[in-house]
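Heads up, the first sequence is in numbering that gives the first Met the number 0, so the first residue is 0 and it goes up one at a time.
All C-beta atoms, glycine included, are put in the ideal place defined by N, C-alpha and C.
Remember, predicted model here, so these are calculated numbers, not experimental data.
Comments concern the structure below.
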Amino acid sequence: MPELPEVETIVRGLRAANTIVEKTIINSRVLWQRSLAVPLPLEFQQLIKGQKILAVDRRGKYIVIKLTSQSLLIHLRMSGDIFVESGESNRNQKHDRVILDFDDGSRMSFNDTRKFGRIWLVDDPKIVFGKLGPEPFEESLTPEIFFEKLNRSKRQIKPLLLDQTFMAGMGNIYTDESLFIASIHPTTPANLILFEKTALLLSAIREVLSEGIKRNGASIDWVYRGGDFQNHFKVYQRDGEACHRCGAILQRMVVGQRGTHFCPYCQPKAA
DNA sequence: CATCAACCCTGAGAGC
DNA sequence: TGCTCTCAGGGTTGAT
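Here it is in structure tokens:
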């Protein structure tokens with residue numbers, strides 16, 4: 000499930016020389032209509048044809064592809080992935096949903112098994128992510144401001160961190176890992192967390208995301224292959240196993256309708 | 001404002 | 001081997 004580090008890894012790959020930047024889209028194929036959030040397939044194909052790719056960026060979990068006169072936004076959601084290739088492909092193309100053909104004979108495929116991913120072709124990206132919260136690495140997001148944001152909410156800390164309007168980019172994995180590092184129970188009301196603890200949480204978030212980016216960036220090929228961060232989870236999907244820090248048996252519970260993994264000893268409910 | 005259920009989907013894993 | 005059932009999971013929407 001692509002979260003910020005996975006999306007960042009894909010974006011860096013797409014940004015690499017001779018991948019998609021500077022190429023012109025000469026044709027597009029929409030194999031699953033609902034992968035397009037906006038506009039409708041026919042208009043999408045007419046509008047995107049002839050546009051050149053100028054740059055690739057990331058905002059939260061969105062891939063932002065700047066075109067000549069518009070922006071192509073891609074959200075991978077649960078199972079989305081991007082492949083760029085030329086000539087015959089030995090890849091499983093079963094779940095390809097939208098394909099862009101380039102002027103040099105190569106193509107970019109949006110592959111999405113579960114069909115949750117979405118693509119937007121818009122004049123102004125702000126229309127799509129106008130309400131997104133700050134980037135976790137934004138310098139203006141100081142420990143003081145982070146504390147104030149948390150202090151303003153009575154919501155449980157985990158669902159709050161997953162709320163993209165609070166902060167953009169966090170997903171289930173990195174949230175569980177961050178809360179473990181900061182020793183905060185996932186159901187703790189945000190406004191009850193003391194300043195020192197919130198500062199620790201912010202640095203934990205940045206540490207975990209950086210580690211994720213580093214691991215996925217370690218992929219040999221530019222295409223996202225899953226990286227190897229999954230081998231470094233401290234709590235995620237480790238319920239029933241021993242906590243690396245204290246040896247207690249890690250637990251799983253549902254918080255805000257999400258599977259949540261934590262250490263009952265390191266992350267006591269009293270916080 | 002906070003919480004919650006339903007929905008969108010498929011494949012993996014469990015149970016038989 | 002293979003069938004049926006359950007469920008995860010990001011984000012949106014609508015109800016409480």
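Measure the C-alpha to C-alpha separation of residue i and residue j and round it to an integer number of angstroms.
{"i": "Tyr-223", "j": "Arg-11", "result": "With a pLDDT of 45 at Tyr-223, under the threshold of 50, the predicted position of this residue should be treated as unreliable, though the coordinate-derived value follows. If you take the alpha carbons of Tyr-223 and Arg-11, they lie about 10 Å apart."}
{"i": "Asp-122", "j": "Leu-72", "result": "11 Å"}
{"i": "Ser-312", "j": "Gly-104", "result": "The requested residue 312 does not occur in the structure, where the chain is confined to residues 0 to 270."}
{"i": "Phe-136", "j": "Arg-205", "result": "7 Å"}
{"i": "Leu-35", "j": "Thr-112", "result": "15 Å"}
{"i": "Asn-26", "j": "Ile-47", "result": "8 Å"}
{"i": "Met-0", "j": "Lys-130", "result": "22 Å"}
{"i": "Arg-251", "j": "Arg-257", "result": "10 Å"}
{"i": "Thr-187", "j": "Gly-168", "result": "21 Å"}
{"i": "Met-107", "j": "Ile-144", "result": "40 Å"}
{"i": "Asp-238", "j": "Ile-19", "result": "41 Å"}
{"i": "Pro-158", "j": "Val-253", "result": "11 Å"}
{"i": "Trp-31", "j": "His-231", "result": "35 Å"}
{"i": "Asn-17", "j": "Phe-43", "result": "25 Å"}
In three-state DSSP terms, what is residue i?
{"i": "Lys-213", "result": "helix"}
{"i": "Asp-122", "result": "coil"}
{"i": "Tyr-223", "result": "Bear in mind that the predicted position of Tyr-223 carries a pLDDT of just 45, short of 50, making it too unreliable to give a figure here."}
{"i": "Pro-188", "result": "strand"}
{"i": "Leu-249", "result": "coil"}
{"i": "Lys-157", "result": "helix"}
{"i": "Leu-72", "result": "strand"}
{"i": "Val-20", "result": "coil"}
{"i": "Lys-268", "result": "coil"}
{"i": "Val-207", "result": "helix"}
{"i": "Leu-131", "result": "coil"}
{"i": "Lys-114", "result": "coil"}
{"i": "Ala-167", "result": "coil"}
{"i": "Phe-232", "result": "coil"}
To the nearest whole angstrom, what separates the beta carbons of residue i and residue j, a pair I think is in contact under 8 Å?
{"i": "Arg-14", "j": "Val-97", "result": "Incorrect: roughly 20 Å between the Cβ atoms, too far for contact."}
{"i": "His-74", "j": "Arg-117", "result": "5 Å"}
{"i": "Ile-293", "j": "Leu-149", "result": "Residue 293 is absent from the model: the chain starts at 0 and stops at 270."}
{"i": "Lys-213", "j": "Ala-189", "result": "No, Lys-213 and Ala-189 are not in contact; Cβ-Cβ is about 28 Å, not under 8 Å."}
{"i": "Gln-45", "j": "Phe-179", "result": "Going by Cβ atoms, the distance from Gln-45 to Phe-179 rounds to 49 Å, so no, they are not a contact pair."}
{"i": "Glu-240", "j": "Phe-228", "result": "In fact, because the Cβ distance is near 17 Å, the residues do not count as touching under 8 Å."}
{"i": "Glu-176", "j": "Val-83", "result": "With a Cβ gap of about 30 Å, Glu-176 and Val-83 do not count as contacting."}
What residue does the alpha helix (DSSP H) around residue i start on, and which one ends it?
{"i": "Glu-14", "result": "For the sequence presented, residue 14 should be read as Arg rather than Glu. Arg-14 -> alpha helix (DSSP H) spans 3 to 14."}
{"i": "Glu-137", "result": "It is not in any alpha helix (DSSP H) - Glu-137 carries neither H nor E in the DSSP assignment."}
{"i": "His-150", "result": "Reading off the sequence shown, one finds Asn at residue 150, where the question assumed His. Where Asn-150 is concerned, the enclosing alpha helix (DSSP H) stretches over 142 to 150."}
{"i": "Phe-43", "result": "40 to 47"}
From what residue to what residue does the beta strand (DSSP E) around residue i run?
{"i": "Ser-177", "result": "No beta strand (DSSP E) holds Ser-177; the alpha helix (DSSP H) holding it covers 171 to 180."}
{"i": "Asn-26", "result": "24 to 29"}
{"i": "Leu-99", "result": "95 to 101"}
{"i": "Ile-81", "result": "79 to 85"}
{"i": "Arg-257", "result": "257 to 261"}
{"i": "Asn-89", "result": "Where Asn-89 is concerned, there is no enclosing beta strand (DSSP E), given that its DSSP letter is neither H nor E."}
{"i": "Ile-279", "result": "With the chain covering only 0 through 270, there is no way to say anything about residue 279."}
{"i": "Lys-65", "result": "61 to 66"}
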